[in-house]
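Here's what the structure looks like:
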């Protein structure tokens with residue numbers, strides 16, 4: 001546990017020592033606020049809720065989360081610190097978990113920066129906080145899944161750009177299989193299955209304000225699987 | 241390589257396990273937390289209670305096409321899940337069948353023949369498919385040979401989005417289903433079940449003097465006969481006692497304290513005084529029988545008692561008596577048609593929509609206050625919409641209904657709007673109730689309420705363009721359409737939960753605290769206009785949209801109030817208006833009235849709303865249902881009022897939830913400021929974070945102090 005924490009702290013420091021953290025956080029909150037106010041037209045809609053934010057979060061994360069994970073392992077490989085890291089007393093899964101927690105922490109900071117919105121809305125109207133809490137919980141879970149995917153992709157390559165694009169593609173596919181535009185092309189039974197596999201449709205369910213064990217299990221499974229796959233990749237790279 | 245392949249195998253197996261685990265969980269819907277304020281996605285306690293209390297089988301059919309509109313497809317499982325929950329709750333009473341009539345000719349035939357379920361055409365506009373898809377989207381609830389059908393429009397709410405798309409959501413299906421269950425099940429209950437459903441016994445107290453005036457002498461016997469019949473049916477559930485306070489001063493005192501029953505006398509002749517009262521009591525309600533009437537027979541007494549029982553036992557459909565103005569043609573049209581020698585058409589009714597919508601929840605009885613028999617005893621709540629020039633006798637019937645313990649909801653202000661060939665017109669309305677209301681302590685002022693917080697109205701405008709004048713429409717704020725929101729919804733349970741109520745061309749209500757106190761009435765404010773509201777009596781100004789909020793004299797105006805307590809009759813010590821005499825019998829003098837007014841009501845409830853337009857067909861078809869209109873919310877408010885007067889809180893909670901959009905408080909200015917602030921705060925936080933980190937880093941001393949050049953030896957690395 002201590003070692004996980006140490007790895008997480010090292011990674012989080014690394015984020016903030018480079019401009020990555022600041023660029024990510026700025027882009028994240030500006031993009032979130034811009035879609036909320038301008039694209040989803042909060043004022044002219046005139047309804048006191050945060051759908052304008054949460055509707056765009058799954059897509060926003062597909063674009064931005066890979067930027068957090070692309071360097072997690074690719075950078076170590078490129079700088080040649082990979083060998084050093086894997087010979088440290090920390091075990092592979094501690095390294096993976098530590099890096100995961102660091103990136104999750106940064107994402108949480110990004111989400112926290114948008115917390116100004118619910119306060120604004122509750123000041124202007126009678127806001128139901130349930131869907132807001134649900135929305136943020138859902139966003140954290142969704143982010144965790146994407147971060148796990150991103151870390152796995154990063155572990156398989158030493159090219160950051162490749163890691164970024166690949167992670168984006170995988171996240172997009174996971175998101176896309178659940179959206180209506182895609183499921184409409186399928187026969188209904190299959191469509192229902194794909195809807196339940198998509199990351200976005202699960203998120204919508206939580207963002208309504210209903211936290212269902214099934215949705216939690218779904219996100220935990222995705223995150224768990226890709227983190228395990230990252231550990232496996234590290235092992236294979238070491239053995240190879 | 242063996243290690244690698246076994247590792248990959250482990251990973252693959254773990255993945256499969258996770259998939260299996262998720263599939264296994266999929267059927268498990270119990271573990272969830274509903275965080276929404278109104279528990280929007282959970283079955284309400286009222287539904288649970290009603291579903292569990294079902295005594296006969298109910299079948300709910302869901303007619304859905306497999307191939308349906310893409311935006312409806314995700315809603316089908318939601319509906320199906322809810323239906324299954326009903327089935328699970330009912331312990332086998334509710335059967336659910338999900339049917340795709342598109343797949344099954346005979347099912348389609350049956351759906352059409354039996355329930356009138358048809359396919360609906362939905363327009364599609366996706367990238368891959370365009371055109372129209374015909375699909376089923378209906379729910380039918382069947383009970384015996386009765387059924388209720390819910391089509392697409394009843395089930396779905398479509399909200400336009402700024403990007404031109406539509407947001408498609410389920411309306412309040414649980415409310416629709418539960419109220420249908422409640423109605424369908426309750427209306428089937430016959431009077432033989434009455435006593436089974438009453439929990440505590442009901443007691444009838446007859447106060448009758450020995451020496452009754454001749455015309456009333458038969459009445460005590462009629463009451464006794466009715467009581468004997470009911471005792472036979474109800475056994476211990478029905479108690480009867482007969483008392484004569486006229487010979488027993490102590491008893492007279494007690495009866496006065498308990499029921500405020502004072503000796504009565506016929507008309508203004510003074511005559512000898514006597515007692516003739518009937519009180520029906522259960523644990524939480526007292527009602528008064530109207531006995532001092534020649535027409536009373538054992539049968540009418542029994543009916544009145546059964547009606548009272550039905551009111552007080554749970555599980556019976558409530559009867560709402562609706563008093564609406566006699567529909568009439570606009571004068572001008574009438575004159576025109578008469579001049580042309582045409583037959584006059586049937587005038588359109590003014591409150592047909594609200595009647596139709598209330599019929600979904602209640603038994604609706606049309607009540608004519610001029611009817612010689614007064615308000616029927618079966619009426620649980622009397623809703624009077626825009627009373628106009630009520631004759632004295634009608635007023636007497638209304639008064640005596642309240643005195644019996646009836647519940648009254650009175651809607652009507654000093655003005656009412658009409659749309660005719662000349663455009664919008666607002667006319668003064670004389671209700672004929674002014675004296676009656678002020679006797680109770682309520683005055684509806686003869687002015688109009690204007691409010692800066694209002695609904696906009698589409699106003700025709702003529703614009704000069706290069707091509708000549710052009711007529712356009714623009715949404716303009718219109719101060720006579722008062723949008724009651726937030727702090728204006730004074731009462732939490734009845735009003736606040738609705739989200740908003742729109743009152744149109746309403747008048748301010750003022751309360752006479754002294755009169756209220758004299759009768760020991762409690763008043764409960766329900767609706768108020770905003771701080772920036774004022775009054776005006778100039779009805780010619782109503783077609784102007786340009787307005788300015790006056791500098792002075794703006795204050796919230798009371799627009800709806802509920803009174804509870806024991807009301808004093810307006811006809812106490814006033815002459816009772818004579819019965820209407822049929823013209824054929826009009827042989828000289830009308831005979832003197834033999835009516836004896838009830839002078840004090842038992843504990844009951846009266847609601848006054850200073851507007852009736854808010855529920856009128858005019859509003860329901862125009863401003864109430866266009867963008868920003870409040871008709872839907874107004875209806876919920878009315879249903880809440882009806883349920884509240886009946887002490888029936890079951891549906892109040894479910895009805896309102898999710899129905900009202902949570903609207904932003906309207907504001908014209910400061911939007912840019914708010915938006916800028918929302919960017920500034922996170923930016924500052926981020927800047928703070930960066931500064932903090934930077935300063936911390938500067939203060940951190942390197943673990944190993946730099947040594948002067950040239951003195952580096954070899955050891956540095958290994959100790960770190």
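Residue numbers (this note's numbering), protein chains in the order written: chain A, 1 to 240; chain B, 241 to 960.
For glycine and all other residues, C-beta sits at the position ideal for the given N, C-alpha and C.
Using beta-carbon distances, residue 124 of chain A counts as an interface residue toward chain B, with a partner under 9 Å. Interface criterion not met: the Cβ of residue 173 of chain A is under 9 Å from no Cβ in chain B.
Taking all protein chains in view, the Cβ of residue 643 of chain B is crowded by 16 or more other Cβ atoms within 10 Å, so the residue is classified as buried. The straight-line gap separating the alpha-carbon atoms of residue 153 of chain A and residue 167 of chain A is approximately 6 Å. In this structure, the beta-carbon distance from residue 334 of chain B to residue 294 of chain B falls below 9 Å. Residues of chain A with a Cβ closer than 8 Å to the Cβ of residue 255 of chain B are, in chain order, 225. Look at the segment 760–776 of chain B: it has no residue with a C-beta under 8 Å from a C-beta of chain A. Considering only B:862, B:852, B:892, B:919, the residue with the shortest C-alpha distance to residue 563 of chain B is B:852. Residue 9 of chain A places its beta carbon less than 9 Å from that of residue 102 of chain A. In the three-state reduction of the DSSP assignment, residue 438 of chain B falls in the coil class, being assigned neither a helical nor a strand state. In the three-state DSSP reduction, residue 17 of chain A falls in the helix class (H, G or I).
Under the three-state reduction of DSSP, residue 645 of chain B is assigned to coil, being neither helix nor strand. Per DSSP, residue 309 of chain B is not a residue of any alpha helix (DSSP H), being assigned neither H nor E. By alpha-carbon distance to residue 502 of chain B, the top candidate from B:351, B:839, B:709, B:769 is B:839.
In this structure, B:751 is the residue among B:751, B:776, B:888, B:298 with its C-alpha nearest to the C-alpha of residue 678 of chain B. Not flagged as an interface residue toward chain B: residue 81 of chain A, since no C-beta distance is shorter than 9 Å.
Excluding five sequence positions before and after residue 52 of chain A, the CB atoms of its chain that fall closer than 6 Å to its own CB belong to 36, 40, 42, given in chain order.
Boundaries of the beta strand (DSSP E) around residue 604 of chain B: 603–606. Contact between the segment 857–871 of chain B and the segment 253–264 of chain B is not established, with fewer than three Cβ pairs separated by less than 8 Å.
If only complete runs of 3 or more residues are kept, the segment 579–642 of chain B shows the beta strand (DSSP E) at 603–606, 621–625, in order along the chain.
Taking residue 28 of chain A as the centre and dropping the five residues before and after it, the same chain places the C-beta of 64, 110 closer than 6 Å to its C-beta, in chain order.
Residue 35 of chain A has a beta carbon lying at 9 Å or more from every beta carbon in chain B. Residue 211 of chain A sits in a strand when the DSSP states are folded into three classes.
The beta carbon of residue 415 of chain B lies closer than 6 Å to those of 894, 895 in the same chain, with the five residues before and after it left out.
Exclusion of the five residues before and after residue 218 of chain A leaves 202 as the residues of its chain whose Cβ lies within less than 6 Å of its Cβ. Contact annotation for residue 57 of chain A against chain B: no contact, minimum CB-CB distance about 15 Å [criterion: below 7 Å]. Contact note: residue 195 of chain A reaches chain B through 314, using a C-beta cutoff of 8 Å and chain order.
Within 10 angstroms of the beta-carbon of residue 177 of chain A lie 16 or more other beta-carbons, which makes it buried. With a cutoff of 9 Å on beta-carbon distance, residue 426 of chain B and residue 556 of chain B are scored as near each other.
Rounded to whole angstroms, the separation of the alpha carbons of residue 283 of chain B and residue 220 of chain A is 28 Å. Residue environment for residue 527 of chain B: buried (at least 16 other C-beta atoms within 10 angstroms of its C-beta). At least one CB atom of chain A sits nearer than 9 Å to the CB of residue 905 of chain B. For residue 866 of chain B, no chain A residue has a Cβ inside 9 Å of its Cβ, as the nearest lies near 15 Å away. Using a Cβ-Cβ cut-off of 8 Å, residue 261 of chain B is close to 217, 221 of chain A, given in chain order. Look at residue 337 of chain B here: in three-state DSSP terms it is strand.
When rounded, the separation of the alpha-carbon atoms in residue 606 of chain B and residue 182 of chain A is 54 Å.
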